[in-house]
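Below is one structure; the comments refer to it alone.
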Amino acid sequence: MIEEDCATIKTTKGHQRVVEAFGLSPTRWWNKRQLNARNTWSTQDHLACLWDDLELVTAREGSTHPLFPVRIESLLLKLLAYNIKKESLDPNGTLELPHWSFRKRILTREMKDDKNPAPEDIIDYVLWYGHCWELETNMIIMKSDSPVPRSWTLLQNMSDIHHARKLAGRDAVIYGVITDGLKWVFIHLTNQSRYTIKVFAWDNERDQIIGQIQNIIDQAVALYRKMMSRSSLPTPTVHQISRCQIRELPAPCAGSDIESFRVTEQNACHTATIEEKAYNSDTDMGLLWW
589 MIEEDCATIK TTKGHQRVVE AFGLSPTRWW NKRQLNARNT WSTQDHLACL WDDLELVTAR
649 EGSTHPLFPV RIESLLLKLL AYNIKKESLD PNGTLELPHW SFRKRILTRE MKDDKNPAPE
709 DIIDYVLWYG HCWELETNMI IMKSDSPVPR SWTLLQNMSD IHHARKLAGR DAVIYGVITD
769 GLKWVFIHLT NQSRYTIKVF AWDNERDQII GQIQNIIDQA VALYRKMMSR SSLPTPTVHQ
829 ISRCQIRELP APCAGSDIES FRVTEQNACH TATIEEKAYN SDTDMGLLWW
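Under my numbering, the residue at position 161 of the sequence shown is numbered 749, and the numbers go up by one with no gaps.
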């Protein structure tokens, strides 16, 4: 079934269109180690109980049950928290570590900042390890009721980030996940624009899913340490070179809590613009966390 899913993904028109547009090619058969994480993470009792209870209340509802995001978000937040706690025990560790941001969209020079972005333009989770103007993320995650046929939307967003960083001469490796909570599609893009796809089922491959995400978070921590060793933000930035950026989604209505959150993020984006200009004339190191 999993092999059939991979074959289905590669034959969709959306997938073929993205592959052609960005000049992507499949990973060679002897170099498919990127999605074979072997590390394991011991699931805490309370989290395992939460997932078991979730199975009970959603057993007859199918993959579109509204509680499935609880599984996704609890896993993502707990895995990152585990890493942060581990780093905090290191006397040489740092308090500023990779973090998640939520509900984003990618804008390129060809796209307009619409108030109503298409579903394929929405990224539910971004794992940042550095500055937003450098697009310093090594993983994006999307939620979808149909992760297999819609996986081309994930590859498209990954490719936008990959292309922008590659254009700027940066490390362009990136991972992506699209899931409904039951089926998890992982995609990896190398610096050479080669992609690897693997599909996992939560029912019998939970450990592989957890291990793979933990491995990517571990890589984000390593990238963060490497990024912190630089003396200043590179100029010009990836954003300046490619005109590609990851921005917050417009709020659905004025005056809501979501609107307040959007305004806060707009201020952060404005601050980032000012900081980016400052970096052009100053070599002091600084970070903007989204």
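Cβ coordinates follow ideal geometry from the N, Cα and C atoms, glycine included.
CB-CB under 6 Å to residue i, same chain, minus the five flanking residues each way: which ones, in chain order?
{"i": "H776", "result": "Q622, L623, Y763 and T784"}
{"i": "I804", "result": "M727 and Y763"}
{"i": "E724", "result": "Y717 and G718"}
{"i": "I801", "result": "L667"}
{"i": "S739", "result": "I597, I766 and V773"}
{"i": "R782", "result": "S613 and T615"}
Can you tell me whether DSSP reads residue i as helix, strand or coil?
{"i": "A752", "result": "helix"}
{"i": "H827", "result": "helix"}
{"i": "A706", "result": "coil"}
{"i": "E836", "result": "strand"}
{"i": "D593", "result": "helix"}
{"i": "R616", "result": "coil"}
{"i": "T696", "result": "coil"}
{"i": "D759", "result": "coil"}
{"i": "T600", "result": "coil"}
Let me know if residue i comes out buried or exposed under the rule of 16 or more other beta-carbons within 10 Å of its beta-carbon.
{"i": "T888", "result": "Given that the chain is displayed from residue 589 to residue 878, the structure contains no residue 888 and the question cannot be resolved."}
{"i": "Q796", "result": "buried"}
{"i": "A760", "result": "buried"}
{"i": "K674", "result": "exposed"}
{"i": "D791", "result": "exposed"}
{"i": "K771", "result": "buried"}
{"i": "E553", "result": "One cannot answer for residue 553 here, as it falls past the ends of the chain, which runs 589 to 878."}
{"i": "L665", "result": "exposed"}
Does the separation of the CB atoms of residue i and residue j fall below 8 Å?
{"i": "W688", "j": "V658", "result": "no"}
{"i": "I694", "j": "I834", "result": "yes"}
{"i": "V736", "j": "I597", "result": "yes"}
{"i": "D709", "j": "I729", "result": "no"}
{"i": "P705", "j": "L837", "result": "yes"}
{"i": "V606", "j": "Q780", "result": "no"}
Determine, for residue i, whether the minimum Cβ-Cβ distance to residues of chain C falls below 8 Å.
{"i": "D791", "result": "Absent from the structure is chain C; it holds one protein chain and no more."}
Please determine, among the options, the residue with the shortest C-alpha to C-alpha distance to residue i.
{"i": "E698", "options": "D748, F690 and L663", "result": "D748"}
{"i": "H603", "options": "P707, I711, E722 and T741", "result": "T741"}
{"i": "I672", "options": "L821, K786 and A808", "result": "A808"}
{"i": "I590", "options": "F788, L811 and M816", "result": "F788"}
{"i": "E722", "options": "T823, E592, D593 and F610", "result": "T823"}
Give every residue of the same chain whose Cβ lies closer than 7 Å to the Cβ of residue i, excluding the five residues on either side of it in the sequence, and list them in chain order.
{"i": "T696", "result": "D748, R831 and C832"}
{"i": "M746", "result": "I728, I762, G764, I775 and L777"}
{"i": "Y812", "result": "L685, P686, Y717 and G718"}
For residue i, collect the residues of the same chain with a Cβ closer than 8 Å to its Cβ; drop the 5 residues on either side in sequence, then sort them by chain order.
{"i": "I829", "result": "A752, L755 and A756"}
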